[in-house]
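Count the sequence shown with my numbering and you get residues 5 to 411, in order. In this text, a Cβ means the ideal position worked out from N, Cα and C, and glycines have one as well. Model, not experiment: these values are computed from the prediction.
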Amino acid sequence: MATIKFYIQSKKSPAGIYVRFRDGRAIDAKSKTKFVINPSDWSSSKERPKNLKDEGFKKLNSDLTQFKSELLNHYNKSVNNSVIDSSWLKDFINPSMKQGDIPTKLVDYFDYYALSRKDIIKPETFTKINTNKLFIEKFELYKKTEFFIKDVNLLFIKEFKEFCNQHNLAQNTFARKVRYIKTICLHARKNGIETHFQLDSIKSKNEKIPIIFLTETEYSNVCKKEYEFEYLNNVRDWLIVCCETAQRVSDFMQFTKDQIRFDGEDSFIEFTQIKTGTKMSVFVTPKLSNLLDKNGGNFPRKISAAKFNKYVKVLCKEGGLTSLVDGALKNKETKIREVGKFPKWQLISSKVGRKTYASNYFGKLPNELIMSQTGHKTESSFLLYVGKTQTSMSKQLATAFKNLKNE
């Protein structure tokens, strides 16, 4: 006789509810269902939520009962013409989407969105989509309801903000999640799915975070110093690569001498950015050229991004970046990013190179030339990156006109 049991494996909330289907010794299939619950609310002995007086848990128990009934019916239809195993069970839980079937539930649409864009997005983007989907599932568990695309309105965002605050999410993290949700809903609208009339009114503002970069003097002082430990000298050399190429750590830490192309007296590093897929040809500056010559044409010894971010702080501390500056740092206890004054070395990370290049050359080189190194596609995104506003640009123009009159 076939038996169906529900259980959870994780102690973290929300925990996925698993199902085990058995029939004699020959059939023993397991799979994760789409249902989730807080482990403290689950009765392992009764295989259901503990508190059935709660409306949300009562509905979940009803859904599990219905799931069990539908699974048994599916088994009776399949037993003589299909292999009954875990793959069969997973196909029952997550049936292949038929052409033309477009989900109307918010969580389900994340998968549809990823599937529809599988040929144009990178694996990292799939990870982001899934991360945001899982967070929405947590929110649904908290609200004890499933949301449809059409439910995303201003009240939804207000309640979502309260939920994010309970999870100590920074304002900018919340803003990114809201933009992701809105992107999903707009994509659904283009596919004919009903959306709320307030969708276009949903906005998410980022908190203004001070831009951290090395001034020309700071950069020179940190990079000309010889350090006691070899690992710091190696990180110093990578900082030079970082600041002279204006690239992300995911790219510059992969550089090899084979990527260097020579064109007369000039040389260029040719590669494709991992994050954006943009093909780049980055000019090798004289400072970087001297470093490569010192290493026999090779880049420094490779280290992980995590170690670079850890060691570059030590490097900058020993390099004298100890003055207090405005910045944002994650509080280790609350896990929330807090804006305040901190020793500058604490704020340094792999992002400093790109910002240093863009900030120090801003106003000295045409923006389009700087953008060709940083990889920014639009001037508006570039200006936002270096913290420049239209007002500051107008002031710069006014200064330039005054200089013209004085010549």
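In whole angstroms, what is the alpha-carbon distance linking residue i and residue j?
i	j	result
residue 384	residue 56	54 Å
residue 167	residue 251	35 Å
residue 206	residue 176	15 Å
residue 355	residue 222	16 Å
residue 334	residue 343	9 Å
residue 220	residue 141	47 Å
residue 7	residue 52	15 Å
residue 35	residue 122	24 Å
residue 172	residue 363	32 Å
residue 266	residue 298	18 Å
residue 373	residue 379	10 Å
residue 31	residue 239	56 Å
residue 145	residue 45	11 Å
residue 11	residue 134	23 Å
residue 85	residue 310	52 Å
residue 302	residue 234	17 Å
residue 283	residue 312	24 Å
residue 201	residue 162	16 Å
residue 350	residue 255	23 Å
residue 74	residue 41	21 Å
residue 54	residue 48	9 Å
residue 43	residue 118	29 Å
Helix, strand or coil for residue i? Go by DSSP, reduced to three states.
i	result
residue 162	helix
residue 73	helix
residue 333	strand
residue 216	coil
residue 347	strand
residue 19	strand
residue 186	helix
residue 47	strand
residue 198	coil
residue 240	helix
residue 61	helix
residue 358	helix
residue 341	strand
residue 256	helix
residue 209	coil
residue 154	helix
residue 228	helix
residue 36	strand
residue 251	coil
residue 174	coil
residue 167	helix
residue 306	coil
residue 105	coil
residue 67	helix
residue 86	coil
By the DSSP assignment, the alpha helix (DSSP H) with residue i in it spans what residues?
i	result
residue 142	127–147
residue 2	It is not possible to answer for residue 2, since the shown part of the chain is limited to 5 through 411.
residue 97	90–97
residue 114	110–120
residue 383	383–389
residue 314	309–322
residue 290	290–298
Roughly how far, in whole angstroms, is the beta-carbon of residue i from the beta-carbon of residue j, given that I think they are within contact range, below 8 Å?
i	j	result
residue 2	residue 331	Any question about residue 2 goes unanswered here, given that the chain covers just 5 to 411.
residue 304	residue 245	7 Å
residue 164	residue 143	6 Å
residue 390	residue 215	7 Å
residue 190	residue 151	Between residue 151 and residue 190 the Cβ distance is about 16 Å, and since that is not below 8 Å, they are no contact.
residue 225	residue 106	The Cβ separation is near 58 Å, so there is no contact.
residue 271	residue 288	4 Å
residue 67	residue 39	7 Å
residue 273	residue 259	6 Å
What first and last residue would you give for the beta strand (DSSP E) that runs through residue i?
i	result
residue 265	264–267
residue 11	6–12
What do you reckon, is the C-beta of residue i under 7 Å from a heavy atom of the ligand ATP?
i	result
residue 178	Of ligands this structure carries none, so the ligand ATP is not represented either.
Bridge partners for residue i per DSSP, in chain order?
i	result
residue 366	369
residue 284	275
residue 41	19
residue 328	347
residue 27	6, 31
residue 1	This structure does not reach residue 1, given that the chain is present from 5 up to 411, and the question cannot be answered.
residue 270	267
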